[in-house]
Amino acid sequence: MSVNNKPVLIIGAGVVGLTLAHGLKKANIPFEIYERDENIDARGQGYAITLHWVLEYLKQILDQETFDAIDGVQVDPEVGRHDSGNFMFINLETKEAKFKIPPNYRRRVNREKLRKVLLKNVADKVHWNKKLADIKVSDNASDGVTAVFADGTEAQGRMLVGAEGSNSQTRRFLVPDAHQNYLLPVKMVGASADFTPEQVAPLRNIDPLLFQGSHPTTGVFLWISMLETPEVNGTAGTANERFRVQVMLSWMDKDRNEVIPETNQDRIALMKRLVDGFHPDLYNTIQAISESSSTLHLVLQDWPCQDWSNHDGLVTLVGDAAHAMVMYRGEAGNHGILDAWHLWGEIKAVYAGDKTQAVAVSEYETEMKERTKPAVLLSRQACLDAHDFDGLNNDSAVLKVRAIKAAAKA
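Oh and the sequence shown: position 79 is 79 in UniProt numbering, straight run, nothing missing.
As structure tokens, this is what we get:
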């Protein structure tokens, strides 16, 4: 098989890898996806993500059926139909809004359901239970690239794209001496909690979709987001209507000496201690979290893009593999999808004969690194700002408008 007929190898069937796959399918460019998990349900894919400035690019790269299906995985379709885009940062002691972050068009979606939507039309190209172990490139780029998997099998391709997240093996190959993530001095614990309409009302009265805030004395940060409404989970109109809510709490290591426990029950007990001093409406709602709720210890770490050799366009990175960032500006997924959009455009130029692969991949990486390195650092600063209520102002990283410079249309 000549290198021109070899597929693009996508390592990782997460949101970003699957988005790139859709673009390649649309352009009739061969590709194969290799995923370490055994199946789509093998592990959780996080709670929910907000798609905002990337939506216009996502619409270009996806087929219409898949793009339309995104509306169906919103955490609250009713809010989505009438969403004002408000995003509030509140004083957790008084429940008063300290800032309203400028609104924008958005879709708050369940991450696991989004991944399944993206999988649907490219599922036949996904190879499950394939953990990348090594990458082989020769001095002659025309030979292509070989992915070596932990089970001893290999796959040959025209190029390899690492889309396997913040602990990327592809990143380790490209940047062997500086692939480690930076650990922030902040701890975070969260729960996916079910509430009755009465219990959730104080939260939805602040904002029906999501809000955040910090406590002026303790410095504890709170993030609230709807995950499911009765309309979504099928309990609407029954005697057991329930809302599922993402509740995240974080704090600076220097402010309190807390070790996050291993069990759900102990983590929820910690969460209930952390909200001492919160406004009664917030305090009482969080005290109502069931001990049986699932929890998450989120390790807050990032990785600003480093320089690497892409081996004449044979190997590159997208998404968290290229620029892991913390969640405090809600931009990681948007940047990852925009990576896929830009790389899709460059790969199309290669297959059209307009650019060499080395030039195309290098141009993709130049744009991606210039865009995302500041974004990683801004998100890092936002994380630190979020725990300093009195120091917040309109220029704080956690409050700045979410926006991206317009890119050329594909």
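Backbone N, C-alpha and C define an ideal beta-carbon position, used for all residues, glycine too. Since we're looking at a predicted model, the values are computed, not measured.
- Between the C-alpha atoms of residue 287 and residue 277 there is a straight-line separation of about 12 Å.
- Residue 7 counts as buried, since at least 16 other C-beta atoms from the protein chains shown sit within 10 angstroms of its C-beta.
- By the C-beta criterion, the region 255-265 is judged not to be in contact with the region 201-213, since fewer than 3 inter-stretch pairs fall below 8 Å.
- Shown here, residue 278 sits in coil according to DSSP, grouped into three states, outside any helix or strand.
- Less than 7 Å separates the beta-carbon of residue 107 from that of residue 51.
- With respect to the C-alpha of residue 124, the residue from 49, 35 and 242 having the closest C-alpha is 35.
- In the structure shown, residue 314 adopts coil according to DSSP, grouped into three states.
- In the DSSP secondary-structure assignment, residue 88 is bridged to 100.
- A distance below 8 Å between beta-carbons, with the five flanking residues on each side excluded, links residue 342 to the following residues of its chain, in chain order: 364, 367, 368 and 407.
- The continuous beta strand (DSSP E) containing residue 251 extends over residues 243-252.
- Judged by DSSP secondary structure, residue 379 falls within the alpha helix (DSSP H) whose first and last residues are 357-385.
- CA-to-CA, the gap between residue 347 and residue 32 works out to about 15 Å.
- Counting other Cβ atoms within 10 Å of its Cβ, residue 183 stays below 16 and is therefore classed as exposed.
- The count of Cβ pairs closer than 8 Å, one atom from the region 62-70 and one from the region 114-132, reaches three, so the stretches are in contact.
- Under the DSSP assignment, residue 173 falls in the alpha helix (DSSP H) whose first and last residues are 169-174.
- A buried status is given to residue 170, since no fewer than 16 other beta-carbon atoms sit within 10 Å of its beta-carbon.
- DSSP places residue 139 outside any alpha helix (DSSP H), giving it a letter other than H or E.
- Residue 165 and residue 141 have their alpha carbons spaced roughly 26 Å apart.
- Residue 228: member of the beta strand (DSSP E) spanning 221-228, first to last residue.
- Boundaries of the beta strand (DSSP E) harbouring residue 297: 294-302, taken from the DSSP string.
- For residue 48, no alpha helix (DSSP H) run applies; the uninterrupted beta strand (DSSP E) run containing it begins and ends at 48-51, by DSSP.
- If you draw a straight line from the Cα of residue 215 to the Cα of residue 318, it is about 36 Å long.
- DSSP lists 136 and 156 as the bridge partner or partners of residue 146.
- For residue 213, the enclosing beta strand (DSSP E) begins and ends at 210-214.
- Following the DSSP letters along the chain, one finds residue 125 in no alpha helix (DSSP H), marked with neither H nor E.
- The C-alpha of residue 202 is placed about 22 Å away from the C-alpha of residue 292.
- Excluding residues up to 5 positions away in sequence, 50, 87, 108, 223, 224, 225 and 226 lie with their Cβ nearer than 8 Å to the Cβ of residue 210 in the same chain.
- DSSP, read as helix, strand or coil, puts residue 16 in helix.
- For residue 76, the closest C-alpha among the options 15, 189 and 230 is that of 230.
- DSSP places residue 33 in the strand class (E or B) of the three-state scheme.
- In this structure, residue 61 lies near residue 23, with their beta-carbon atoms less than 7 Å apart.
- The alpha-carbon of residue 326 is positioned some 7 Å away from that of residue 332.
- Looking at the DSSP output, residue 205 bridges to nothing.
- Cα atoms of residue 197 and residue 279: separation of roughly 19 Å, rounded to the nearest angstrom.
- Cβ-Cβ distances below 8 Å link residue 95 to 206, 279, 281 and 282 in the same chain, with the five nearest sequence neighbours on each side left out; the list follows chain order.
- Looking at 294, 321 and 360, the one whose alpha-carbon comes closest to that of residue 172 is 321.
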